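Visitor: Take a look at the following structure, please.
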Amino acid sequence: MPAVLTVDPRSGVPIYLQIVEQVKRSVALGVLRAGEQLPTVKQLAIDLTVNPNTVARAYRELEREAVIETATGRGSFVRTDEVESSPRVAVEIGRDAVELALREAKAVGLDRDEVRAIFEAALERWFSELPKGDSQ
Amino acid sequence: MSSIKISNLRKIYGSTPAVDGLSLEVQSASVFGLLGPNGAGKTTTFKCMLGLARPSSGEILYDGKPLTPQSFERIAYVPERNVLYEWLTVDEHVEMNRRAYKAFDPARARELLSQFGVDHRKRASALSKGMRTAVMVACAFARNAEILVLDEPTSGLDPVNQRHVLSLIINEAAKGNSVIFSSHQIGQVERAAETIAIVDRGKVILSGLVDDLKADRKIVEGIFPDVGFSLDGIANDPRVSRVDRTERIVRLLVTAGADEIASRLSASGATGIRVLDLNLEDIFLYAVSPVTATTDIVTKEQSS
Amino acid sequence: MTYIEWLRIRNCLKVLAIILVILVGLAVVLRISVARYMSPAQWVHHISRDPGTHESSVTLPDGTKRMILDNPGERMHVIIDDHGSAGTHIEVTEPSSRAHKENNNVSVGSVHVVESRHGTMTTTIIDTNGAVPMLYYMAIADVFALIVATILAAPLAREINGHLEMTLTKPISRLRYALGAIGVDVVGILAASVMTVAAFYLCQLLFETPRLDFSGVNTRAILMGIASPLAWYAMLCAATTWMPRAYGALLGLIPLGLLFVGLLTLVPTSNVVALFIHDVAWVISRFDPLTYVSVASPNSEGTMDYSGANFGFRISMEALFFVAYGALALWRWQRVEA
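Residue numbers (my numbering), protein chains in the order written: chain V, 1 to 136; chain U, 1001 to 1304; chain Y, 2001 to 2338.
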């Protein structure tokens, strides 16, 4: 598995959640393909230098969210049965990001119309059709 | 059946209790981190656990049974202070371990020693502090022990070797053994331990899974429009364990339900509501810090 | 488990071995310097082969076999008296040469050599006294064993001083560990005695074949020589286990202190103060194993009685000390905390 997983133990986000988020992100980006095998709990724990039970918890959570499936004796694999699993995960990640942004915007006192204006401007910037030029 | 179960441990030296009603449980195949300020009673707890000091009261069980000399075939210990024999070489220490413990693997010990960069021919008196720790750690991890009790196992080690010790600890848990270790390096504990206990003045003041503590404990911050606001309703919520007020800014340390309390705070007129994550160091500092006089703080009993 | 203790006694006995080797070496040097006085038999043979030697033998009335060798050409006259088990007496008269020192008097074990120069002639008298009482060997061995016992005597204190985290986390009970360490030390002390006796026997062997006398007072000497260092060891073991931090000082000061107390018991009790000092010192010395080391005791006539009266009492006291002091040390050890 490509080494896109990093964890920051100093972050306030629990390590197992960080692993869950990063696996989901990898699936959404297609870095982890359907049916691909994940490292064993033990191996990932050693690679990341984190507690194996924390990794196990992350895998359990991923299984609960139907992102991976574990076959006893064989290992853990990205699920293949839901064709839309990649886009589904992407939607979840997108939703979390937008919710966070809106919460912040509300917290600093913006109202609905102000937020909408900012939102539309950002959409223009990030999602406008080419060939106007990749304004990234 | 937990690997280690300490129930209501008390140890009194003279008239001062070094450990005053401490209880904790270490499960099998897990890593338990013990945190606490200096003098909190961590080392005394370890000594009582290993029969080096006699508890004044309380019970310590290993897999349900009390400690016997034979237990030490399965328990490995790294003490906090230097206990090497100054006049012996590292090799002689390895040999001593080999003769004392049936399951000791001298080849593994030598391998670990070279990984730590210890010259096995040197006398203990010629070793630096970090090297001495490395010798003790190497001999302990070569024991194939089911339970490891480590008191500051990274003290004096350079960052590379510290990371190496952490990997060894994680490896033990992956192999199915139990580890309890104390450290002042909270970052290390954050990585390696899945359960921690914070000890202060001889008692456990907070314990739980690291991931759960981080997920549940948050700071809910809000700014009130004027100084004379009332927080009574919210402050009495059992999930709010600490209230820090500075003029118009309020910070609530919550042990659960951060989002709900954030809404209530918003409803009572605060703006700029933020929910802040806490890492283990933050949690630790909040747990052990006393009430200060610089801000108008009301601290309530921790419901841990 | 007692690996550490084995290493300790190994180091100690190594030093002792070096000292004994040096002693044997000195004996070899001495032997060479008196090499002119070979064993009587060799010598007789050597002189007899000289054609100018006139040899005659006679048996004296008391049973002594006397052999006279006379060599007028060399101006040498030798008388050899063989007293059987009482030894041999040889008198040599010969012209002085460079090898003769001015009046020499040397004793090594049972061989006694006196050289005296009279003008141009030198007379040398060699006496071999026959049997060697073990008493003499044991006296020296006892001293060495006591020194080794003092050096080894703090096995538990050394552990208490900073190694308990290692010692008490071994899969062996505290008591068994302590008994093991003490057992190893006992072996070391006995080995020291044996090594010393062997070394001195070797020294004597260079000069003649010693006939050892084990009877009577010598048996008692052997028993006392074994028991007293062990009792002494046990006493120091107890003292250091109770005050482990000062064990080095204790191992140095207790022997000196007890020596001083022993001297105080000899204070003439001329006045009340002296009597008090004497009595206090006497009481303290009752707890010192070395007070009981003697194979002789003064009897009612004021002379020394070597018959072994009171020996039973003394040797029992040594055994009692070993057990009691040992128990004291173990009791403390069982309760010590890291």
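Beta carbons: idealized from backbone N, C-alpha and C, even for Gly. All values reported here derive from a predicted model rather than from experimental measurement.
Is V1298 (chain U) close to chain Y, meaning its C-beta is less than 8 Å from at least one C-beta of that chain?
Guide: Residue confidence is low: V1298 (chain U) scores 38 on pLDDT, short of 50, so the model does not pin down where it sits. No coordinate-derived value is stated.
Visitor: Would A1145 (chain U) pass as an interface residue toward chain V - the criterion being a Cβ-Cβ separation below 8 Å?
Guide: So, not an interface residue.
Visitor: For T1255 (chain U), tell me which candidate among U:A1142, U:L1206, U:K1218 and U:A1270 has the shortest Cα-Cα distance.
Guide: Measuring from the Cα of T1255 (chain U), the nearest candidate turns out to be U:K1218.
Visitor: At what residue ranges does the region 1138-1190 of chain U contain a whole run of the alpha helix (DSSP H), taking only runs of 4 or more?
Guide: Complete alpha helix (DSSP H) runs here, min 4: 1159-1175.
Visitor: Can you tell me which of the three DSSP states V2336 (chain Y) falls into?
Guide: In this structure, V2336 (chain Y) counts as coil in the three-state DSSP scheme.
Visitor: Taking three-plus beta-carbon pairs below 8 Å as touching, is the region 101-120 of chain V in contact with the region 1025-1044 of chain U?
Guide: Counting Cβ pairs under 8 Å, fewer than three are found: no touch.
Visitor: Give the C-beta separation of H1184 (chain U) and F1116 (chain U) to the nearest angstrom, bearing in mind that I take them to be a contact with Cβ-Cβ under 8 Å.
Guide: Contact flag wrong, Cβ pair sits at about 20 Å.
Visitor: Find the residues of chain U that neighbour K24 (chain V), judging by a C-beta separation of less than 8 Å, and give them in chain order.
Guide: None at all; the shortest Cβ gap to chain U is about 17 Å.
Visitor: Could you tell me the alpha carbon to alpha carbon distance between L5 (chain V) and Q43 (chain V), rounded to whole angstroms?
Guide: Going from the Cα of L5 (chain V) to the Cα of Q43 (chain V) covers about 13 Å.
Visitor: If we ignore side chains and look at the alpha-carbon of each, how far apart do V142 (chain V) and L62 (chain V) end up?
Guide: Within the shown structure, residues of chain V are numbered from 1 to 136, placing residue 142 (chain V) beyond reach of any answer.
Visitor: Mark H2054 (chain Y) as exposed unless 16 or more other C-beta atoms lie within 10 angstroms of its C-beta, in which case mark it buried.
Guide: When all chains shown are included, H2054 (chain Y) counts as exposed.
Visitor: I'd like to know if E2091 (chain Y) contacts chain U, where contact means its C-beta is closer than 8 Å to some C-beta of that chain.
Guide: Closer than 8 Å: no.
Visitor: Excluding the 5 residues flanking W2282 (chain Y) on each side, which residues of the same chain have their C-beta closer than 6 Å to its C-beta?
Guide: So the list reads T2265, once near-sequence residues are dropped.
Visitor: Which residues of chain V have a Cβ atom closer than 7 Å to the Cβ of N1177 (chain U), listed in chain order?
Guide: None at all; the shortest Cβ gap to chain V is about 11 Å.
Visitor: Using a Cβ-Cβ cut-off of 8 Å, state whether L2250 (chain Y) counts as contacting chain U.
Guide: Answer no: the Cβ-Cβ gap between L2250 (chain Y) and chain U never drops below 8 Å.
Visitor: Roughly how many angstroms lie between the CA atoms of R1264 (chain U) and I19 (chain V), to the nearest whole one?
Guide: Each residue's alpha carbon lies about 31 Å from the other.
Visitor: Could you tell me whether the Cβ of L1030 (chain U) comes closer than 8 Å to any Cβ of chain V?
Guide: Before going further, note that residue 1030 (chain U) is Ser rather than Leu in the sequence given. Chain V, which has a Cβ nearer than 8 Å to the Cβ of S1030 (chain U), makes this yes.
Visitor: Assuming A2338 (chain Y) and L2205 (chain Y) form a contact by the criterion Cβ under 8 Å, report the distance between their Cβ atoms to the nearest whole angstrom.
Guide: Contact doesn't hold; Cβ gap of about 52 Å is too wide.
Visitor: Would D2288 (chain Y) and P2229 (chain Y) qualify as a contact pair, given that the criterion is a beta-carbon distance under 8 Å?
Guide: No.
Visitor: Cutting at 6 Å between CB atoms, please list the residues of its own chain near Y2325 (chain Y), excluding the five before and the five after it.
Guide: Correct list, in chain order: A2234, M2235 and A2238.
Visitor: Let me know if V83 (chain V) comes out buried or exposed under the rule of 16 or more other beta-carbons within 10 Å of its beta-carbon.
Guide: Because V83 (chain V) sits at a pLDDT of 48, beneath the cut-off of 50, its placement in the model cannot be relied upon, and the following sentence gives the value as read from the coordinates. So V83 (chain V) ends up on the exposed side.
Visitor: Helix, strand or coil: which one does DSSP assign to M2076 (chain Y)?
Guide: M2076 (chain Y): strand per DSSP, three-state reduction.
Visitor: Taking 8 Å as the threshold, find out whether the region 1091-1098 of chain U comes into contact with the region 1125-1132 of chain U through three or more Cβ pairs.
Guide: The region 1091-1098 of chain U, when compared against the region 1125-1132 of chain U, does not touch it at the 8 Å Cβ threshold.
Visitor: Touch check for the region 2002-2014 of chain Y and the region 2136-2152 of chain Y: three-plus C-beta pairs under 8 Å?
Guide: Cβ pair count under 8 Å is three or more, so yes.
Visitor: Going by CA-CA distance only, name the one from U:S1230, U:V1189 and U:R1201 that's closest to V1210 (chain U).
Guide: Cα-wise, what sits closest to V1210 (chain U) is U:V1189.
Visitor: Take the Cβ of L2020 (chain Y) as the centre, count every other Cβ of all protein chains shown within 10 Å, and call the residue buried at 16 or more, exposed below.
Guide: L2020 (chain Y) is buried by the Cβ-count criterion.
Visitor: For Q1115 (chain U), which of helix, strand or coil comes out of DSSP?
Guide: The answer is helix: DSSP assigns Q1115 (chain U) an H, G or I state.
Visitor: Looking at the ligand GTP, does it come within less than 7 Å of P2155 (chain Y), judged from the CB to the closest heavy atom?
Guide: Here there are no bound small molecules, and the ligand GTP is not part of this structure.
Visitor: Compare the beta carbon distance of K24 (chain V) and I93 (chain V) with 8 Å and say whether it is the shorter of the two.
Guide: Yes, these two residues count as a Cβ contact at 8 Å.
Visitor: S1182 (chain U) and E1152 (chain U) - do their beta-carbons sit closer together than 8 Å?
Guide: The answer is yes: Cβ separation under 8 Å.
Visitor: Mind checking G1014 (chain U): buried by the 16 CB within 10 Å criterion, or exposed?
Guide: Per the 10 Å Cβ criterion, exposed.
Visitor: Please classify G2025 (chain Y): is it buried, with 16 or more other beta-carbons within 10 angstroms of its beta-carbon, or exposed?
Guide: It counts as exposed.
Visitor: For D2082 (chain Y), name the three-state secondary structure that DSSP assigns.
Guide: DSSP places D2082 (chain Y) in strand when its eight states are reduced to three.
Visitor: With DSSP as the reference, label V13 (chain V) as helix, strand or coil.
Guide: Here V13 (chain V) sits in coil by DSSP.
Visitor: At the level of alpha carbons, what is the spacing between A1262 (chain U) and R1245 (chain U)?
Guide: Distance between the alpha carbons of A1262 (chain U) and R1245 (chain U) is about 16 Å.
Visitor: Can you give me the Cβ contacts of M1131 (chain U) inside the same chain, cut-off strictly under 6 Å, excluding the 5 residues immediately before and after it?
Guide: Around M1131 (chain U): V1118.
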